[in-house]
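With the numbering used here, you'll find the sequence shown wraps up at 249, consecutive numbering, no jumps.
We treat Cβ as the ideally placed atom computed from N, Cα and C, and that holds for glycine.
Since the model is a prediction, treat every value here as computed from it, not as a measurement.
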Amino acid sequence: MLAIEVGPVDVARTRYAISPLGEAMQALRVAAGVQAAVRATPLRRARLELARNLEGLRTPPRHVQRILDAPDVVTRLADALEASWQALVEPDWPRLQAVLERDLVRRAGHLAMYGWAAALSDLDPRVSWRSQGQAGTIEVRTGSRTEWDRHRLAGKGLLLMPTVFGTLISYIEPPWPYALVYPARGIADLLGPVARAPGGEALSRLVGPRRADVLRALDVPATTTQLVAQLGLILQPHLG
Numbered sequence: 010m011l012a013i014e015v016g017p018v019d020v021a022r023t024r025y026a027i028s029p030l031g032e033a034m035q036a037l038r039v040a041a042g043v044q045a046a047v048r049a050t051p052l053r054r055a056r057l058e059l060a061r062n063l064e065g066l067r068t069p070p071r072h073v074q075r076i077l078d079a080p081d082v083v084t085r086l087a088d089a090l091e092a093s094w095q096a097l098v099e100p101d102w103p104r105l106q107a108v109l110e111r112d113l114v115r116r117a118g119h120l121a122m123y124g125w126a127a128a129l130s131d132l133d134p135r136v137s138w139r140s141q142g143q144a145g146t147i148e149v150r151t152g153s154r155t156e157w158d159r160h161r162l163a164g165k166g167l168l169l170m171p172t173v174f175g176t177l178i179s180y181i182e183p184p185w186p187y188a189l190v191y192p193a194r195g196i197a198d199l200l201g202p203v204a205r206a207p208g209g210e211a212l213s214r215l216v217g218p219r220r221a222d223v224l225r226a227l228d229v230p231a232t233t234t235q236l237v238a239q240l241g242l243i244l245q246p247h248l249g
């Protein structure tokens with residue numbers, strides 16, 4: 010279990026990000042259950058991270074081990090990651106990005122207006138906020154460990170990153186910033202049209218089905234570009 014102590018300054022320094030690289034890695038996990046690395050990773054660090062991720066698993070097949078032991082392993086993994094991005098994520102990236110951006114806008118607004126409890130309330134059932142005056146602790150219940158692994162932001166802020174493909178992941182190891190990756194709200198919108206609420210047919214008859222879909226989608230604030238991407242609309246140029 011993970012406990013991250015948060016102070017008043019951390020609210021202002023908390024950041025939100027969308028990671029195309031992260032989505033490619035999450036898509037790889039979904040499709041094949043493997044991880045990749047970025048090109049700038051030093052070889053020594055890459056080997057340490059590979060060894061840590063392979064801990065407790067069966068010994069890789071001989072042809073896989075040859076790749077992991079190769080001096081150009083970082084380049085090979087980066088090439089595989091780039092190919093995965095192009096095949097699995099890039100074709101649908103505008104729609105995926107719209108869902109991620111809408112989640113960020115909503116969550117950033119909740120943090121700024123109402124504080125950590127509101128921002129974390131529906132982030133994931135395993136994440137909770139324990140208030141202690143102006144400060145508090147973000148508690149993340151993962152794995153089977155019963156003791157708390159405690160960390161302190163100390164004014165560095167937290168990085169919150171929604172994902173379409175993945176599940177809850179916490180990053181607490183240097184040199185990376187403290188970060189929580191969590192499932193974005195609105196993923197279901199990618200699987201089909203916006204769900205129609207009871208009585209929705211009356212709205213469709215009144216304003217038309219396309220306009221009704223837009224109004225229903227605005228249950229969560231969004232820009233015009235985000236709505237176009239989410240609903241698969243074509244933005245018509247204005248001729249004035």
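DSSP lists no bridge partner for Q143.
With a 10 Å radius around the Cβ and a threshold of 16 neighbouring Cβ atoms, M122 comes out exposed. A144 sits away from V173, with the two beta carbons spaced by 8 Å or more. CA-CA distance, L59 to L77, rounds to 8 Å. When DSSP states are grouped into helix, strand and coil, Y123 belongs to the helix group. When the beta-carbon positions are compared, A127 and H119 come within less than 8 Å of each other. In the pairwise beta carbon analysis, the stretch 57–75 is classified as not touching the stretch 97–113: fewer than three pairs are separated by under 8 Å. Our two residues, E64 and R56, have alpha carbons roughly 12 Å apart in a direct line. Leaving aside the five residues that flank R24 on each side, the residues in its chain whose CB is nearer than 7 Å to its CB run, in chain order, G166 and L168.
Put simply, the backbone Cα of P80 is about 26 Å away from that of A36.
By the Cβ criterion, the stretch 81–89 is not in contact with the stretch 128–148, since fewer than three pairs of Cβ atoms, one from each stretch, lie closer than 8 Å.
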